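Notes for the one structure printed next.
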Ligand code: NAD
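Put into structure tokens, the structure is as follows:
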């Protein structure tokens, strides 16, 4: 596959940093645009920070002029748009930033990218792609059976998922109205290294290590479909390069787990790797359920698997083992962030992903 110039937005976040590491590792040139909100962490790019193939610009995606200037300067072949406010609990406490970044910011990205694409010469114009990275949460909640397909109607429950749904609709409108070469991916819950410690899996690992309660919403029977973040990064690369313009692709690992099973699995791994006086499971504490908490998400990724040949490489068992080990080995990365999370908790801002 030819080497490309790829602009990534939100590349200092959890998934964006995995994508930047993947793309630079494959020899592509990457420009990462990130505002560096609380969720953006340049330390996640330590492995590629000195590469001549990697550039960074601190930019708010809502600032259309700055985005346009960066696009003109970098001349990308592709834009992969991940920058977003991403934490459901934060969206319930304060939706404003989600509306601003996820909706207005996506509009600003589309306008800037379209202005650039419109003026590209023939072949480069035909090859240009804009991949908008979204979530399975736009589909709402499933009952006991069934899977989300690309044809499932949107039915978002939280301010976060509603803002992502709105941004998906903008991308579709730009492809239909202007012939803009946009694509959308809708992915299930990610986990893996460099995940901000307010989200369920890193929160549980780090609380367990510190002997703190492991908060589980409701009865812990909400079901999520988990995907290892490096599998997602590979999927985004494949979709941006080989996906069909105007199409949506669901991305998932066929790894449905109840939240309580996720927490118990982490406890069992820690009992083995860091045995304490008591089993870690004794730290599990059930807390009042999140309002509007969707019961079950499950992705049908058949289209991505059959059309583009992508497959998740990690099962939940192999991926979670790697993830727990990574947190045990990389305290330098999570220690400063964990202190921030606890400051947030004291303000009553955070509970759990
Ligand atoms: P994250 O919160 O870890 O990272 C978001 C990044 O965007 C941060 O680096 C932040 O600084 C940056 N950012 C926020 N507002 C910005 C702005 N106005 N301008 C520029 N940069 C800004 O998020 P994540 O978990 O890596 O998710 C990335 C994308 O993938 C999001 O669009 C999210 O909706 C989507 N997604 C996430 C998951 C998941 O499980 N985490 C699953 C499916 C889809």
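Numbering (full-length UniProt numbering), first residue to last: 1 to 353. All residues carry an ideal CB built from backbone N, CA and C; glycine is no exception. Bear in mind that the values here come from a model prediction, so they are computed numbers and not experimental data.
Taking residue 248 as the reference, which of 142, 88 and 300 has the closest Cα? Looking at the Cα atoms, 300 is the closest of the given residues.
May I ask whether a heavy atom of the ligand NAD can be found less than 7 Å away from the beta carbon of residue 175? False, no ligand heavy atom lies under 7 Å from that Cβ.
Alpha carbon to alpha carbon, what distance is there between residue 271 and residue 214? Taking the straight line from one Cα to the other gives about 14 Å.
Could you pull out every unbroken alpha helix (DSSP H) segment of at least 4 residues lying fully inside the segment 231-282, listed in chain order? 259-273, all fully within the segment 231-282.
How about residue 146 and residue 188: do their beta carbons lie closer than 8 Å? For residue 146 and residue 188, no; Cβs fall outside 8 Å.
Three or more C-beta pairs under 8 Å: does that hold for the segment 11-31 against the segment 209-223? No contact exists between the segment 11-31 and the segment 209-223.
Complete runs of the beta strand (DSSP E) confined to the segment 178-228 [at least 3 residues]: List check, beta strand (DSSP E) in window: 182-187, 189-191, 214-217 and 223-228.
Beta-carbon separation (whole angstroms), residue 6 vs residue 23, contact threshold 8 Å: Right, the Cβ-Cβ distance comes to about 6 Å (below 8 Å), so this counts as a contact.
Shorter than 7 Å, the distance from the beta carbon of residue 233 to the closest heavy atom of the ligand NAD, or not? For residue 233, the shortest separation between its Cβ and any heavy atom of the ligand NAD does not lie below 7 Å.
Decide if residue 45 is buried, meaning its Cβ has at least 16 other Cβ atoms within 10 Å, or exposed. Residue 45 comes out buried.
Candidates 282, 153 and 111: which alpha carbon is nearest residue 65's? Checking every option, the nearest Cα to that of residue 65 belongs to 111.
For residue 134, which of helix, strand or coil comes out of DSSP? Looking at residue 134 - three-state DSSP - the assignment turns out to be strand.
Distance, Cα to Cα, residue 136 vs residue 297? The alpha-carbon atoms of residue 136 and residue 297 are separated by roughly 7 Å.
Could you give the DSSP three-state label for residue 29: helix, strand or coil? Here residue 29 sits in strand by DSSP.
What first and last residue would you give for the beta strand (DSSP E) that runs through residue 5? Where residue 5 is concerned, the enclosing beta strand (DSSP E) stretches over 5-9.
Would you report the Cα separation of residue 353 and residue 121, rounded to the nearest angstrom? Its pLDDT being 35, under 50, residue 353 is placed unreliably in this model, and the value from its coordinates should be taken loosely. The alpha-carbon separation between residue 353 and residue 121 amounts to approximately 45 Å.
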